[in-house]
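> Quick note: the sequence shown, position 228, residue 394 per our numbering, numbers continuous. The beta-carbon is built from N, C-alpha and C at its ideal position, and this holds for glycine as well. For reference, the structure I am asking about is given below.
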Amino acid sequence: MSLLAGKCGIVFGVANRRSIAWAIAQAWHQAGARLAFTYQGERLKENVEELAATFGADTLILPCDVTRDEEIAAVFDAVGRAFGKLHLLLHSVAFAPKAALEGRFVDTSREAFRIAHDVSAYSLVALARAAAPLMTEGGSIIGMSYYGAEKVVPHYNVMGVAKAALEACTRYLAYDLGPNKIRVNCISAGPVNTLAARGIAGFTQMLKHYEERSPLKRNVTAEELGATGLFLASDGAAAITGQVIYVDCGYQIMGM
Ligand code: 0WE
């Protein structure tokens with residue numbers, strides 16, 4: 167029942183109520199965890215405040231642009247003062263300039279490549295390094311990935327390369343932090359209709375494609391991703407680290 171009673175967590179990447187980060191946060195909260203949330207930019211501040219308010223007064227809400235070391239330091243400083251310790255961290259953050267997701271991968275600019283990797287992959291390393299000193303009782307760090315990390319998904323382009331980096335970072339972090347009982351894993355989600363997916367040309371066809379081709383003949387729900395996030399955070403996953411867990415209705419196993 168209270169799988170995460172007495173645990174403290176921090177969630178990066180809630181934009182609105184459809185966010186995968188919000189689904190995982192809800193699962194963690196319902197399991198008894200005390201949570202902190204970060205938001206990127208004033209535009210998303212109100213959304214996160216409104217959502218987090220439903221979790222009660224001991225919820226922390228902090229600004230964080232994950233490309234800024236000083237903002238990351240301030241976040242973990244505040245979490246250390248408020249919680250004194252940390253057990254869970256969710257990284258559900260990605261960005262590539264829109265143009266890089268539209269044209270050909272071969273045309274990716276140096277700047278678009280840099281931004282995609284900084285926001286979407288390096289940030290996991292920076293957050294893990296800052297979180298580790300607070301994870302004195304061990305911990306679970308979770309990143310979000312996508313199949314485009316391992317196979318070509320047209321137009322996913324530099325995000326696929328950045329997710330491949332994120333998955334490799336997950337393995338190296340798992341090795342470094344394992345002795346501290348900190349586990350690091352990725353959930354590779356099937357497509358979900360979130361803010362990050364909005365405006366992506368052909369996204370509706372992609373959902374239909376998964377319905378037709380995946381063994382379960384449907385798309386994954388945000389609630390199901392929440393349940394996997396809860397599992398990976400719990401002692402049920404105590405011996406699982408460095409892994410990429412596909413939560414995609416089985417799509418990834420198909421060859422044709
Ligand atoms: O990781 C993602 C998308 C992340 C993302 C989304 C945007 C949209 C707005 C990163 N950067 C941006 N930049 C923007 O300006 N997904 C797994 C969802 C997604 O995005 C795709 C997909 C899928 C699936 C893009 C092309 C093809 C497939």
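Which same chain residues end up closer than 7 Å to Gly386 when comparing Cβ atoms and leaving out the 5 residues on each side of it in sequence?
Looking at the sequence provided, one finds Val at residue 386 rather than Gly. Taking C-beta separations shorter than 7 Å and ignoring five residues to either side along the sequence, the partners of Val386 in its chain run Ala355, Gly356, Val358, Val413, Asp414 and Cys415, following chain order.
> Does DSSP put Val449 in a helix, a strand or coil?
Past the edges of the chain, shown from 167 to 422, lies residue 449, and the structure says nothing about it.
> For the ligand 0WE, I want to know if Tyr312 counts as a neighbour, meaning its beta carbon is within less than 7 Å of at least one of the ligand's heavy atoms.
Shortest gap from the CB of Tyr312 to any heavy atom of the ligand 0WE: under 7 Å.
> Regarding Lys264 and the ligand ATP, is the C-beta to nearest heavy atom distance less than 7 Å?
This structure lacks the ligand ATP; its bound ligands are the ligand 0WE.
> Whose CA, out of Lys383, Met310, Val291 and Leu361, lies closest to the CA of Tyr341?
Comparing C-alpha distances from Tyr341 to each of Lys383, Met310, Val291 and Leu361 shows the shortest one belongs to Val291.
> What are the residues that DSSP puts in a beta bridge with Tyr412?
Per DSSP, the beta-bridge partners of Tyr412 are Ser354.
> Is the CB-CB distance between Ala143 and Ala287 below 8 Å?
Since the first residue of the chain shown is 167 and the last is 422, residue 143 is not available in this structure.
> Helix, strand or coil: which one does DSSP assign to Arg200?
strand
> Could you tell me if the beta carbon of Ala363 falls within a distance shorter than 7 Å of some heavy atom in the ligand 0WE?
yes
> Is the beta carbon of Leu201 less than 8 Å from the beta carbon of Thr220?
It is not a contact, given that the beta carbons lie outside the stated cut-off.
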